[in-house]
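Protein chains in written order, with this note's numbering: chain A, 54 to 276; chain B, 54 to 276.
The beta-carbon is built from N, C-alpha and C at its ideal position, and this holds for glycine as well.
This one's a predicted model, so the numbers in the text were calculated from it and none came from an experiment.
Some notes on the structure that comes next.
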């Protein structure tokens, strides 16, 4: 695929387009104009056209976008056709929830192994996976050479686990540990999912909203 | 607090500054220059100065930033001193993991109640919380008037739960359901934590990295 440098904001919007196009497809919508897509996604039509123009020409003047063709293009841009495989490291509550309820396969990723240190968990089944002993992490990763590690271990163990994974050849880490991992960026792509940052951002926006509302009340006092 | 419109990118960086300043404080660092802070966070000193300038003047020429004072300012900007309270709705794996392992209080939020529909879960304790019956959601929210709802219910129930919460006076929703909630934006602040979007973004960056590497291999063939 021809690659141009695309801004992170555009990349972060692609999964939202995918989700919307899936919804449209499920509702039987075959094609959609950039105006209507924008209305449904709170984006301007020109922003949508600009986003897609980063990757080539998808729409057609006067016709709009073919929903399933656009969906397929975005899926391809996101690497969903690359048959990525993943291992999950740390089967605590979060790890367990991901194995049980997160549809990795819907996003083109196959979960091939899970690991934990707790001996009462090792050997048990979660769905179709058997939990393996953390001691075998290097060996199994070198054998299965998965692309992605889903890192769900406790904080104090995050960097050790990450280093083991990178040494064993892991190319991407989906990091749930809330620790900024200290691994060389040129070797591995890190995607952090920081719960705390998200809650703090909510706190910011909520504070802002409350300040606005109290200002409005002050400016328009009830008589 | 005086409010200026601050870009989302800046707001999203604030929690990272907070985390870094906590680390520095724990290591006994009292003050830090924008240059050193930038080096440790992969940001340029001018970007750091620009980020903070949105909120006023924190640093001092030739001295740098006082770590604990800057930490306190950022915490305040993020609303961490506002004693937000929260209820958690849906005690499945994710909800359970959040109650058990996520330190809400570290981010200035107090969890005051949890709800589920499953009758075998209702009435059980998780940490200091007793799980309440989902049927009592409206009543309890109207009584306790928490600021935030942590939404961890199954997808099909997400919008119904959100509507009940908004009607009962919830001002912010921390949304773990992967459903784009259909509630009026002027009434409620929504912060989505979309696992799927994060994994898809990882897939994008990983694909990009792989394409770069295969290009490098092609351009420099092994003789």
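- Residue 185 of chain A sits in a strand when the DSSP states are folded into three classes.
- The straight-line gap separating the alpha-carbon atoms of residue 125 of chain A and residue 212 of chain B is approximately 28 Å.
- Taking the C-beta atoms as reference points, residue 140 of chain A is found nearer than 8 Å to residue 168 of chain A.
- Beta-bridge analysis with DSSP links residue 118 of chain A to A:85.
- According to the DSSP assignment, residue 244 of chain A belongs to the beta strand (DSSP E) that extends over 242-245.
- Here residue 219 of chain A is buried. Its C-beta has 16 or more other C-beta atoms within 10 Å.
- Identification of chain B residues near residue 224 of chain A by a Cβ-Cβ cut-off of 8 Å yields 259, 262, 263, ordered along the chain.
- Bounds of the alpha helix (DSSP H) holding residue 71 of chain A are 61-79.
- In the DSSP annotation of this structure, the continuous segment of the alpha helix (DSSP H) that includes residue 212 of chain A starts and ends at 208-220.
- Excluding five sequence positions before and after residue 237 of chain A, the CB atoms of its chain that fall closer than 8 Å to its own CB belong to 219, given in chain order.
- Annotation: residue 267 of chain B to residue 242 of chain A spans about 16 Å, alpha carbon to alpha carbon.
- Rounded to whole angstroms, the separation of the alpha carbons of residue 113 of chain A and residue 149 of chain A is 45 Å.
- Judged by DSSP secondary structure, residue 112 of chain B falls outside any beta strand (DSSP E); it is assigned neither H nor E.
- Across the structure, residue 224 of chain B and residue 216 of chain B are spaced so that their CA atoms are roughly 12 Å apart.
- Taking a Cβ-Cβ cut-off of 7 Å, the neighbours of residue 252 of chain A in chain B comprise 160, 162, 227, given in sequence order.
- Of A:88, A:78, A:105, A:87, the smallest CA-CA separation from residue 120 of chain A is found for A:78.
- Residue burial is scored here from C-beta neighbours: residue 61 of chain B has fewer than 16 other C-beta atoms within 10 angstroms and is therefore classed as exposed.
- Residue environment: residue 214 of chain B is assigned as buried (16 or more neighbouring CB atoms within 10 Å of its CB, all protein chains considered).
- In this structure, the CA atom of residue 92 of chain B is about 8 Å from the CA atom of residue 98 of chain B.
- Excluding residues up to 5 positions away in sequence, 141, 144, 164, 167, 179, 180, 182 lie with their Cβ nearer than 8 Å to the Cβ of residue 152 of chain B in the same chain.
- Against chain A, the beta carbon of residue 181 of chain B has no neighbour under 8 Å; the closest one sits roughly 17 Å away.
- For residue 68 of chain A, a Cβ of chain B is located within less than 8 Å of the residue's own Cβ.
- Of all residues in the segment 204-216 of chain A, none places a beta-carbon less than 7 Å from a beta-carbon of chain B.
- Between residue 202 of chain A and chain B, the shortest Cβ-Cβ separation is not below 8 Å.
- Taking each of B:85, B:86, B:132 in turn and checking the Cα distance to residue 161 of chain B, the smallest one comes out for B:132.
- In the same chain as residue 232 of chain A, and ignoring 5 residues on each side of it, the C-beta atoms closer than 6 Å to its own belong to 208, 211, in chain order.
- Interface residue (Cβ-Cβ distance to chain B less than 8 Å): residue 149 of chain A is classified as such.
- Shown here is that no member of the segment 101-120 of chain B has a Cβ falling below 9 Å from a Cβ of chain A.
- Within chain A, not a single residue places a beta-carbon under 7 Å from that of residue 136 of chain B; the smallest gap is close to 11 Å.
- The Cβ-Cβ distance between residue 67 of chain B and residue 259 of chain A does not fall below 8 Å.
- Here DSSP, grouped into helix, strand and coil, assigns residue 236 of chain B to coil.
- Residue 124 of chain A is outside the set of residues whose beta carbon lies under 8 Å from a beta carbon in chain B.
- Taking all protein chains shown into account, residue 106 of chain B has fewer than 16 neighbouring C-beta atoms within 10 Å of its C-beta and is therefore exposed.
- Between residue 116 of chain B and residue 84 of chain B the beta-carbon gap is near 7 Å, inside 8 Å, which marks them as a contact.
- The Cβ atoms of residue 251 of chain B and residue 227 of chain A lie closer than 8 Å to each other.
- In the DSSP assignment, residue 178 of chain B is bridged to B:183.
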